[in-house]
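Numbering-wise (the working numbering), the first sequence opens with residue 579 and increments by one. Cβ atoms here follow ideal geometry from the backbone N, Cα and C, with glycine treated the same way. From a predicted model like this one, the values you see are computed outputs, not experimental measurements. Contents: one structure, followed by commentary.
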Amino acid sequence: MFEYRVEGRTGSARAGTLSLPHGEVRTPAFMPVGTHAVVRGLSAGDVRRTGAQIILGNTYHLHLRPGEAVVEAMGGLNRFTTWDGPMLTDSGGFQVFSLEGLRRISEEGVEFQSHIDGTLRTLTPERAVEIQWQLGADVAMAFDHVVPAQSSPQAACEGMERTLRWLDRCKARHAELVGPTSPQTLWPIIQGGIHDELRIRSLEGTLARGPWTGVAIGGLSVGETKPVMHRVLELLEPALPRDVPRYLMGVGFPADLLEGIARGIDLFDCVAATRNGRHGTAWLPNGRLNVKGATLKHSTAPLDPTCDCETCTTYPRGYLRHLFMVEDILALRLVSIHNIRFLVRLGEQARDHILNGTFDGWSREWLGRHYAGGD
RNA sequence: GGUGGGGUGACCGAGUGGCUAAUGGUAGCAGACUGUAAAUCUGCCGGGCUAACGCCCUACGUAGGUUCGAAUCCUACCCCCACCA
């Protein structure tokens, strides 16, 4: 349980297999985000058919609706959603960042004013862990304090140090909840903003509190430039444990996956695949495509001729554009399916190339082609 | 035939003397989106020139008129709607 086997590597890039109570995850892998216990617009079968191996849920949002007690009474997230594969829940730490105007931070925890009904909800490290335990995913995330990339070194330091202190509390509470044959593990999150020394301190402090079955890097893709994100990843990579998966939270766009994989990242999650899909942007091997664009009106071509997803093997571009024009929900679903499949497949291809020792050349060629098309 | 109301940019629809190339909305076009407050948000949307400030042209049914100035006032005509005969 919670074992990670590295099966091949090329430079810093790794291919491996993560064993979780609900199944295995072959890495590198993209994890679709299902904040509200649903990958927006998609059925569990839709997600399964994209080849996704593990999906996310969110502590804060599921606490508000339907409430962790409901999910628990329904048999946990897997039974509730009918998704029988591995799951991971984010702790609500990202909402400290994204709902900045609706929350107040103290050492004890974070007081949120619910964006649903205005009620005050307090999330502490202990509560975040308890809720995730009730939700019942394979992997729970530590409750962290995410700060914007533009934060001052002082603010970034404060968030980083608080995240470490909260990590102690998360770990202690989680240990009380889980038994010796625990069906759930807890992963810590490295913070420190864009400041090298803070990142290193966060990493060292985190590892000192281990051992862990996985380590996450948070607080990136929150406003910094790509070179900065790459620099932080390169800084952390040599010091990260080899024998556990590294999870880069909230990333990313297709190119970000390859850039991350090249820097030793094994797991990714991001809402962009589904959000962009709903908003009419499809990812293709040579860049992005505006599916609502007038140029597609008469196109009988598939969205991505190289893709094997339901959307690309079934519908012509002209029809997909039409579905957006008439605002049918099928449009949102179909492009979301493609974008997820695109990222999942990118992980699969990267894995094959890592195992074959051809990752570098393939990755370079892929990025050149993709960046040329925008993104 | 009579009376009343009305004809505004692709469409709907404000505007009753200068701040009007003309409010809004729809349709259309483009852009943004990274651990989801997002099926959302932003910009453009008569034509031409300009990198831009800006300049020119054409426009509120048609044709005239009043006025320094008209989508707005006057006259005639055309068309639409309602009611009455």
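Where the beta strand (DSSP E) containing residue i begins and where it ends
i	result
F608	A607 to P610
L666	M665 to D668
G539	The chain is shown from 579 up to 953; residue 539 falls before or after that span and cannot be answered.
M719	V717 to M719
G586	E581 to T588
I918	Premise fails: I918 lies in the alpha helix (DSSP H), I907 to N934, not in any beta strand (DSSP E).
T884	First-last for T884: undefined, no H or E at that position.
Continuous alpha helix (DSSP H) stretch holding residue i: start and end
i	result
T852	A850 to H857
V625	A622 to R627
V649	E646 to A651
R743	P731 to L755
V724	Per DSSP, V724 belongs to no alpha helix (DSSP H) and is neither H nor E.
A833	P832 to A840
Member of the options whose CA lies at the smallest distance from the CA of residue i
i	options	result
E926	A833, L898 and A630	A630
V649	A715, T588, R604 and S621	A715
D938	C887, R841, T873 and E888	R841
V849	R626, R779 and D668	D668
F902	L874, A928 and C890	L874
A872	A879, G896 and D906	G896
T889	G855, H876, G865 and R866	G855
H614	K870, D930, H639 and C735	H639
T936	T784, R740, I907 and T588	T588
V717	L881, G792 and E704	G792
Q533	E708, P766 and G771	Because the chain here runs from 579 to 953, residue 533 falls outside it and cannot be looked at.
Q691	S676, E704 and P703	S676
R866	P894, P703 and F831	F831
M665	G654, Q673 and L798	G654
V829	W944, D774, H808 and L908	H808
I915	Q673, G619, T659 and G788	G619
E581	V603, S590 and A591	V603
Rounded separation between residue i and residue j - CA only
i	j	result
L701	W711	14 Å
G671	F721	5 Å
P606	L776	27 Å
G635	R899	30 Å
G796	L764	15 Å
R779	R681	27 Å
L933	A647	43 Å
D695	E685	25 Å
V822	D906	43 Å
S799	D847	12 Å
L924	L945	11 Å
L814	V806	12 Å
Contact under 8 Å by Cβ, residue i with residue j
i	j	result
L642	R699	yes
Q769	V724	yes
L912	F608	no
G586	A593	yes
T852	V617	yes
G623	Q728	no
W661	I683	no
E708	R751	yes
T884	P894	no
C748	A794	no
P766	T784	yes
T628	C887	yes
D882	L862	yes
L845	S941	no
L539	A817	Any answer about residue 539 is impossible in this case: the structure gives the chain only from 579 up to 953.
R787	L745	yes
Identity of the residues DSSP links to residue i by a beta bridge
i	result
F690	R681 and R699
F846	F608 and L826
N636	D668
N868	T859
W661	Note: W661 sits in no beta bridge, so no partner.
A794	I767 and Y825
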